[in-house]
Every structure is written in C-alpha cells, then in structure tokens.
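Undergrad: Going letter by letter, the sequence shown gives residues 2 to 128 in the numbering used here.
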Amino acid sequence: MAHTIIYSPQAPNPVGPYSQAVRAGNTVFVSGQVAFDAQGNWINESIEAETHQVMQNIRHILAAAGLSLAHVAKVSIFLKNMDDFQRVNAVYSTYFEQNPPARETVQVSRLPKDVNIEISCIAVVEG
C-alpha cells in the first residue's frame, strides 16, 4: 500500500528520522508531538502550556492532511509525571468537548528533549 507523507510548516520539524504524519489508505498516523513551536522554541511555562502547544501542533498537522480533530479515533499520551494527569485532562477536554476519541495515558521515565508530555494520534479519513 502506498503512503503519503504529511507535513505542516506550522508544526515543529521532527526531532528524529520520522515524518510528522503519514497517510496510509484512509488512516493518518500523527507522530508523537512535543511542546515545541514551529520555530523550535520549547513552550514549557506549565504542563497546561505544553499540552496546548502539543494539541496545536497536532491540529496543524491534521489540517495539512485536510482533516480536523473531529477525525481523530485514537490518542496516546505519554507523561513524565502522572501527577499532571488532571491538569492535562483539563486542557485536553477543551479540544475534544464531544465524542472524544479512544485514548490511553501512560507515565514514562523520560521523553525526547526532556519535555513533560508527548501525544500521538490516529485519524480516519471519511469515505
């Protein structure tokens, strides 16, 4: 199956050898996003600020694929500190107010660039 690389200049460049997202058939796989803006600045004033930046990055990448957050079927959240869970949920819920996608949240010992949160998702193209 052929696949298409998705790229948004409004999201940060990958920090490793991977694409921001890949479309395979009717599925778009968005790579884990961290709290860097498109210029490479770490947005780290708070876990809330990091979460907002990550969600904005995902939103931009989905838009580059012609999709929105409404197309997201599955989300994976990786946290350095599970004590941030409720604060992350407070921000996250503003992006998925109705019919939120399936999701898991796991605590990890470390994330790339020493960020506090990373989020990846899978979106489905209608049709």
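Ideal Cβ positions, reconstructed from N, Cα and C, are used throughout, including at glycine.
By the 10 Å Cβ neighbour count, where 16 or more other Cβ atoms means buried, how is Ile6 classified, buried or exposed?
TA: For the purposes of this step, residue 6 is taken as residue 5 along the sequence shown, with counting starting at 1. Under this definition Ile6 is an exposed residue.
Undergrad: Mind checking whether Phe39 and Ala12 have CB atoms under 8 Å apart?
TA: Within the sequence shown, numbered from 1, the residue matching residue 39 stands at position 38. Within the sequence shown, numbered from 1, the residue matching residue 12 stands at position 11. Here the sequence assigns Ala to residue 39, which means Phe is not the residue at that position. Yes, Cβ-Cβ distance for Ala39 and Ala12 is below 8 Å.
Undergrad: For Val109, does the count of other Cβ atoms within 10 angstroms reach 16, so buried, or fall short, so exposed?
TA: Taking the first residue of the sequence shown as 1, we reach residue 109 at position 108. Flag for Val109 reads exposed.
Undergrad: My output table needs one value for Val29: the three-state DSSP class, helix, strand or coil.
TA: Numbered from 1 along the sequence shown, position 28 holds the residue referred to as residue 29. Collapsing the DSSP output to three states places Val29 in a strand.
Undergrad: Nearest to Val107 by alpha carbon, out of Phe97, Lys81 and Val92?
TA: Residue 107 sits at position 106 when you count from the first residue of the sequence shown. Nearest to Val107 by C-alpha distance, out of Phe97, Lys81 and Val92, is Lys81.
Undergrad: In three-state terms, what does DSSP make of Ala3?
TA: Numbered from its first residue, the sequence shown carries residue 3 at position 2. Correct three-state label for Ala3: coil.
Undergrad: CA-CA distance, Val126 and Gln87?
TA: One-based indexing of the sequence shown puts residue 126 at position 125. One-based indexing of the sequence shown puts residue 87 at position 86. Approximately 30 Å, taken between the alpha carbons.
Undergrad: I'd like the list of long-range same chain contacts for Lys75, defined as Cβ closer than 8 Å, with 5 residues on each side in sequence excluded.
TA: Along the sequence shown, one-based indexing puts residue 75 at 74. Once the five neighbours on either side are set aside, the close Cβ partners of Lys75 are Pro102, Ala103, Arg104, Cys122 and Ile123.
Undergrad: How is Val73 classed by DSSP in three states: helix, strand or coil?
TA: Locating residue 73 in the sequence shown gives position 72, where the first residue counts as 1. Of the three classes helix, strand and coil, the one that applies to Val73 here is strand, per DSSP.
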